[in-house]
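Remarks on the structure that follows.
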Amino acid sequence: MTSITLLTGRVAPLGGQRTSAIDKRPVSGPCLLGPTGFEDDEQADLRVHGGPEKAVHHYPRDHYEAWRADLGLLPLLDVPGAFGENISTLDLNEASVAVGDIFRMGSALVQVSQGRQPCWKLTHRFAIPNMARRVQETGRTGWYYRVLEPGTVAPGDTIVLVDRAAPDWPLHRIWHAFYVDRLNAEELKNIAALEVLAEKWRLYARNRLESGRVEDWTPRLNGSLEGRA
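Numbering-wise (numbering that gives the first Met the number 0), the sequence shown opens with residue 0 and increments by one.
Set out below in structure tokens:
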């Protein structure tokens, strides 16, 4: 059980003609959480962001110290929200949180649906070449929730683990299968059958099994096709 910082953001310009709502700011009062996210939160491209399987983005505040060690002292890392997260906490991370974990936040009930696949918008936000790829390679990605029960969430509310649907599948294990041991057939078979995992991720696993190849990450990481993953 740990308290949360709650953040939302509006769509705004992000380099050239592109837009994003990655600039999330802490809110001061309660927010209604519905099936596709917080009432005051926006996403610029609903083809690849938001929706029921990515309704809420959680990024561990614990990672900020490691990023300072990697990148130096950046003002962006002085406060929560650097990675476009809606929820910032301490003491939860990809090794301790598993896909399918169910949490109570305020009066809402949420379930971990998938890890985050970082996209080119992080590179623009940090103004650091290959920042999106760095996030992917470190495994410091954060994760998404689906909303099981809508409700109201306020800054300072606690996030409480209620149930675990797949405790053997911490997010770090899935990250390792997708980005390190990328064609491990046994792991891919297990992931493809993991019902609590977002369907798109299960499809990635099935496609790798069938093709024997890893999907091209370049559009997502570099933005050549608006980050379609």
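Virtual Cβ for every residue (Gly too), placed ideally from N, Cα, C.
- Rounded to whole angstroms, the Cβ separation of Val146 and Leu182 is 34 Å, and the two are not in contact under 8 Å.
- Assignment of beta-bridge partners to Ala107 by DSSP yields Met104.
- Boundaries of the beta strand (DSSP E) harbouring Pro59: Val55 to Pro59, taken from the DSSP string.
- For Asp39, there is no enclosing beta strand (DSSP E), since its DSSP letter is neither H nor E.
- Closest option to Arg103, judged by alpha-carbon separation, among Ile190, Trp174, Leu220 and Ala153: Ala153.
- Counting along the chain, the unbroken alpha helix (DSSP H) around Arg172 starts and ends at Leu170 to Tyr178.
- Here DSSP, grouped into helix, strand and coil, assigns Ile190 to helix.
- A straight-line Cα-Cα distance of about 6 Å links Leu208 and Ala184.
- Under the criterion of beta carbons closer than 8 Å, Met0 and Val159 qualify as touching, at roughly 5 Å.
- Taken through DSSP and simplified to helix, strand or coil, Pro25 comes out as strand.
- Assignment of Asp69 by DSSP, reduced to helix, strand and coil, places it in the helix class.
- Taken atom to atom, the span from the alpha-carbon of Leu76 to that of Pro218 is near 26 Å.
- Looking at the DSSP output, Pro149 bridges to nothing.
- Annotated as distal: Leu13 and Pro25, with beta-carbon spacing of 9 Å or more.
- For Arg163, same chain residues with a beta-carbon under 8 Å away, outside a window of 5 residues either side, are Ala97, Gly99, Asp100 and Ile101 in chain order.
- Here the C-alpha atom of Asp180 lies approximately 25 Å from the C-alpha atom of Thr122.
- Within the same chain, Cβ atoms closer than 8 Å to the Cβ of Ile3 are found at Ile86, Ser87, Thr88, Met104, Val152, Pro154, Gly155, Asp156, Thr157 and Ile158, the five residues on either side in sequence being excluded.
- When DSSP states are grouped into helix, strand and coil, Asp77 belongs to the helix group.
- Sorting Phe82, Arg9, Val55 and Val78 by C-alpha distance to the C-alpha of Leu108 places Val55 at the top.
- Under the DSSP assignment, Leu5 falls in the beta strand (DSSP E) whose first and last residues are Thr4 to Thr7.
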